[in-house]
Amino acid sequence: MKLPPVTTPNLITSIFTLKMYSNTFHCVSYHIVLAGNRRNEGPVKLSVVGGGGPGSSIWRRERVVMGDADTDDVAFLTGRKLSRNESNSGRPQREGVAVCSQKRALCVTAIVLGALLASAIIIAYAGPQSVCPCAGKIPPGYVPEGVNNTEPFQPIATNGQPFPWLQSYLPSHIRPIRYTLTIHPNLTTLDVKGQVTIELHVDKETNFIVLHAQDLNITEKAIVGPKGYQLKIVKLLEYPPRQQIYIELKDRLRKKSNYTLSIRWYSRLVHEPEGFYVDEYDTSGFQRLLAATVLGPGTARKAFPCFDEPHLRAPFKISLFRDRFHIGLSNSLVHTTDDVGFYMGTGLLRDDFNDTPPLPADAISWVVSDFRREILEPSSTYQSTRAPVVTSMTPKTLTPPTTAKSLTDNLVKQNGDKKLVRNITAILREGLVVQVPHVMSAHDNKHSTTTSENLADEKNATHKNGNGQFEVTKAPSYTFYASNDTLKKTSFILHTSRDVLEHLQVWLGVHYPLDKLDFVALPSLNDELVSSLEAIVKQYFGGVVSPKIWKHAWLWEGLIKYLSRIILSPLQPLWPMDELHLMETVTKALDNDAVQGWESILLGTSESGNNEDFYVEKSAGLLSMLHSAIGDKDFRACLGTFISAFKFNTAEPIDLWAICKKKVNGTKNIKEMMNLWTTLPGFPLLNVTKSGQNVTIRQKPFMAAEFLTILEDPSFDNETDEGSTTTSMPTTTTTLSPKEARKRRDKWIFPVNYITNTEQIADSFWFNSSELDFTIHYDVKWIKINAGQHGYYRVLYDEANWNNIIEQLKVNHNVFSAKDRIGLVSDAFTLCHANLMSCQITMNLISYLPKELDWGPMTIALRHLERWRKILKYSECYLLLAEYVKNVLARSVMEIGWLDTGKDEVRLLRPEVLMASVLWEETEGISQAKALLHNHITNGTFIPPNLRSVAYIGAVLSGEFLYWQFCWDRYTTLRKDKDRQDERYELLRALGVTKDAWLQNRLLTHVSSLPPNEIAAVLEAIAGTPTGGAMACRFLQAKWFSLQAKLGKGTINFARAISAITQYGASRFDYDELKSLVERFGEGPGVRALNMTLKTVAGNVEWVTRSQSSIYNWVETNYYDNTVVHTLVI
């Protein structure tokens, strides 16, 4: 209700109380105290009579006399106490406001504050309580209600308008059927002008088109209908977060019709090797520029507007503008080269290339450079059906043209032959390591026909001889494009590539369908490189057959990594390719997989196809197991069938599993096996117990022992909560659902091979249960599971079996193959570090090492011992352990010597053993390494390349400043030499391992000026020393923001730098410090790597706590006691 106005002079205060009934306020009591100096009557009290209803008397006026309480109120408001006369007369002596006593004010204030405090406590504790230790923390993956942490519901275009297409993928009702692409790069201004014409097929009536473009400035666009009329474009919107372009038309596009979209754009050549970039190199003292594409999943949109998804394939017709002093290369052969006049004072040529097979956008490549070339013809055992080489037909190696003009002349048509030899299928850097995009992959498209002259007639390409064996009757020729300096190094890679490809055709039973295999050396491809062998394999897996979606790229990458190793084994029998695959791929993946936190392959691999190395290595390991499960003959036949069935098309992993299942007639659970291994995270641990003639094998998920040292940290609960998941597992007919996966979490399906001391031919069985029992011969002393190391699992034997295996190694270690010895050593160290097995067993096993002369077993043992050296550097057992290891290494060094001579396998092993001897600071090793470098400095004596790093590190560890300064001067000299990157890393490692704290600090002052890929190497070398660990941590704290600015906030590079310093921490303090760094790091792609490092450090802390006393006691008992006894006997 609205109160009647009361007009009174000098109104001081109003005190009233209201009660609410329904929606109406009713006055219960309303007192107004009036005070003024113009009234002689004294204070007046106005009261409301009744409850405020209609029948109540509204006002009553009466004169009142102020009592003591009223006087106090006036005093509180005016700050002055009234006298008795003043209060009775109602006339204060001066103007002011009413006041009350201080005691009453304090009392009221205390009551109000107490009530507020009581309310807060009630609110805090009145709700339901939880006993969970993580209560109050935000669980991983939690998204508050109403919050979208992916894409905004309504994306906004660059012009501020709403972007109508809300999906991250392109519409399915429009697809390209042909591209015509024209590119004009300017290597002077670094500008690029381009035009693309895309023929589209519309499956569903629509009025818009969505495609991809990134960092391209579109200047013109047009759409032409089936009858040649132009459609009006009413809107073009760009949405950079998804690199999408939305084109809206006034009229609708009719279904089942073809349209032509034309776009013109301009852009700049970028300096990073992704998309269309500019590269530079030095030749004959002059700096040269070239322009090239390096494309991968999702990066074609950086080079030209396109439908950049793997299943949207179409033929490409490419034209390149260049000057007369450059050459143009692309996927297909040059059709014509025309003179198109002058541009900026330079004569221009345009190379028009033949149509390619249907390709995804990221398979397109082109290069503009002044490179020279070297050609290698197919071997004499093969017939070549390729187009004739215009420069020469007979020689196997063609000398490159000596002038730019002669090189250009070879590019134009001669004698009416338009099929010139130009066909890029591989890109590599000057270090002769190859990186190949998906060039030469193709996809059937019912709306397009393949017109490329690259595709040879397949009728007579292959046949079987009288014995039914596969023969190849055609093979491509091979061309290498590079600068003059690099071209001199190409002979080996060309001959090896030819041998590999010709052997691969016979091995797979599928001929290579193209006429050319070319390599282009790009100077700046320093990261994410694959070998030339992987480049060859990628022409089949990724070229002839490619994944349907980028999510499936893990299978293709695993096939490339695995096959590139095993294919070379028969061609280079002296190279330990099988051991290399086992150590660098399978064992490495197992070590990484042992760290909790990796998802399964299906969940962990990237939707964009850019997978972490771990998933590629694990995929290769699983393919090795598949190879063992079905046998070599059937495995090769399955791969050949896979290529033939999906030739120039896309496929899925399930297609390969189905072919394998059919090949073995369903006798083995191949499909179910591979589904389980790709759906379940981790890998199994086989517990093997031998009791007389009975052997029991149990499988369970591998998991390290409980982290008791940091048990109070809830983030390290070793027990997996199978009742909750943070991500949803894709459920299809070929994939286990999350519920099924949890039910079968403790069981994988795989073949198990084993040998015994009485039977060296591996026997096998199919392990498809949680436990298996079988019987062996009565006189078997030991059994070795996973013979040949094809299985992706670890094996833990009972103590008696371990002891018998160790005894066999000491007597005759060659009873086990080199791969089996790698497996035994790797299992022993890994199980020890996981606290699943006593360190004494591991120490007993490595006592046989002085007899070991094979590269693989010795190298894997030395790498684990080097890890121990860094982790145990502050422990009580370090000095004793170091003396024992130095003794073992000294005996090995005596076997192999310091001279770079002998068999290839000994020369391969020598740098590994000598490096370990200097890192463990074995006296003779340091002396010999110092002598190597000293003779080089003073006399110019040549240091063999494989001993160069040993010489640098050993000389620096000698403590003499001269050698440290030499390494620093040498590094600064090589900083701009892109061909000597390996030596730069060797020098940085040597500079960091010095024991001089002043020199380490001096090196740290230069870290910020180093390239990002070298920073982690320096920090790891310094942190691995006893003096540098704490110094590197302090440096990280002090230079946090400068390193963050250089490497990028939240990036993988920044995470690697932090991990390089902290990964060998072994105390609770190290763990807590790293944990604070992880919290400081924040969000970003690198946080996952840091969390892995945090778990690694937690494992280190637990292992050192449990094992250092055991190691100390073992060395003291088995080394020093034996040394004393031996001395007394002498």
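Count along the sequence shown from 1, add 10, and you get the number used in our numbering.
The beta-carbon is built from N, C-alpha and C at its ideal position, and this holds for glycine as well.
Own chain, CB closer than 8 Å to Ser-140, minus 5 neighbours either side, in chain order: Note that Ser-140 scores a pLDDT of 39, beneath 50, so its modelled location is shaky; the value from the coordinates is reported in the next line. Within the same chain, Ser-140 has no close Cβ partners at all.
Distance, Gln-297 Cα to Phe-839 Cα: 51 Å
Enclosing beta strand (DSSP E) for Ser-487 [first to last residue]: 487-492
Trp-1008 - DSSP class collapsed to helix/strand/coil: helix
Val-928 versus Ser-885, Leu-872, Phe-971, residue with shortest Cα-Cα distance: Leu-872
Minimum length 3: unbroken beta strand (DSSP E) runs contained in the segment 209-254: Inside the segment 209-254, DSSP marks whole beta strand (DSSP E) runs of 3 or more residues at positions 216-222, 227-234, 243-249, from first to last along the chain.
N-terminal and C-terminal residue of the beta strand (DSSP E) that Asp-289 is part of: 285-293
Bridge partners - Ala-715, DSSP secondary structure assignment: Note: Ala-715 sits in no beta bridge, so no partner.
Ala-115 beta carbon near the ligand FMN (any heavy atom closer than 6 Å): By its list of ligands, the structure shown contains no ligand whatsoever, and the ligand FMN lies outside what it can speak to.
C-beta contact flag for Thr-689 and Leu-612 at 7 Å: yes
Local conformation of Asn-704 per DSSP, three classes: Strand at Asn-704.
Three-pair Cβ contact test at 8 Å for the segment 345-352 versus the segment 219-238: no
Range of the contiguous alpha helix (DSSP H) that encloses Leu-819: Run containing Leu-819: 809-822, per the alpha helix (DSSP H) assignment.
Assigned secondary structure, Tyr-1074 (DSSP; H/G/I helix, E/B strand, else coil): The answer is coil: DSSP assigns Tyr-1074 none of H, G, I, E or B.
Rounded C-alpha distance that separates Leu-56 from Val-118: For Leu-56, the pLDDT reaches just 38, beneath the cut-off of 50, and the residue's location in the model is therefore unreliable, although a value from the coordinates is still provided. Distance between the alpha carbons of Leu-56 and Val-118 is about 25 Å.
Straight-line gap, Pro-1189 to Gln-549 (C-alpha atoms, nearest Å): In the structure displayed, the chain extends from 11 to 1140; residue 1189 sits before or after that span and is not available.
Cβ-based burial, Phe-335 [other Cβ within 10 Å; buried from 16]: exposed
Whole runs of the alpha helix (DSSP H) within the segment 852-934, excluding any shorter than 4 residues: 865-881, 888-906, 914-929
Residues that Arg-1066 bridges to, as DSSP identifies them: None; Arg-1066 has no bridge partner.
Separation of Ile-193 from Val-288, as counted between CA atoms: 14 Å
Arg-877 versus Tyr-1074: straight-line alpha-carbon distance, rounded: One C-alpha to the other measures close to 8 Å.
Opening and closing residue of the alpha helix (DSSP H) in which Phe-693 lies: No alpha helix (DSSP H) contains Phe-693, which DSSP labels as neither H nor E.
Inter-residue spacing [alpha-carbon to alpha-carbon] between Gly-833 and Trp-978: 39 Å
Straight-line Cα distance separating Ala-120 from Gly-137: With a pLDDT of 47 at Gly-137, under the threshold of 50, the predicted position of this residue should be treated as unreliable, though the coordinate-derived value follows. In a straight line, the C-alpha of Gly-137 is about 27 Å away from that of Ala-120.
Beta-carbon gap between Lys-671 and Ile-680 smaller than 7 Å: yes
Top-ranked residue by Cα proximity to Met-925, from Gly-964, Ala-604, Thr-951: Gly-964
Secondary structure of Gln-799, DSSP reduced to three states: In the structure shown, Gln-799 sits in coil (DSSP, three-state: anything other than H, G, I, E or B).
Cβ neighbour criterion (16 or more within 10 Å) applied to Thr-366: buried
Where the beta strand (DSSP E) containing Val-378 begins and where it ends: 376-379
At least three beta-carbon pairs within less than 8 Å, the segment 874-891 to the segment 1105-1124: Short answer: they touch.
7 Å CB neighbourhood of Gln-253 in its chain, flanking five on each side removed: So the list reads His-222, Ala-223, Gln-224, Arg-311, once near-sequence residues are dropped.
Buried or exposed by the 16-neighbour rule on C-beta atoms within 10 Å, applied to Ala-1040: Counting C-beta atoms within 10 angstroms of its own C-beta, Ala-1040 has fewer than 16 neighbours from the protein chains shown and is therefore classed as exposed.
Coil, strand or helix - Lys-598 by DSSP: helix
Ala-772 - DSSP class collapsed to helix/strand/coil: Note: Ala-772 maps to coil in three-state DSSP.
The segment 642-660 contacting the segment 757-772, beta-carbon criterion three pairs below 8 Å: no
As assigned by DSSP and simplified to three states, the class of Lys-3: Since the first residue shown for the chain is 11 and the last is 1140, residue 3 is missing from the structure and cannot be characterised.
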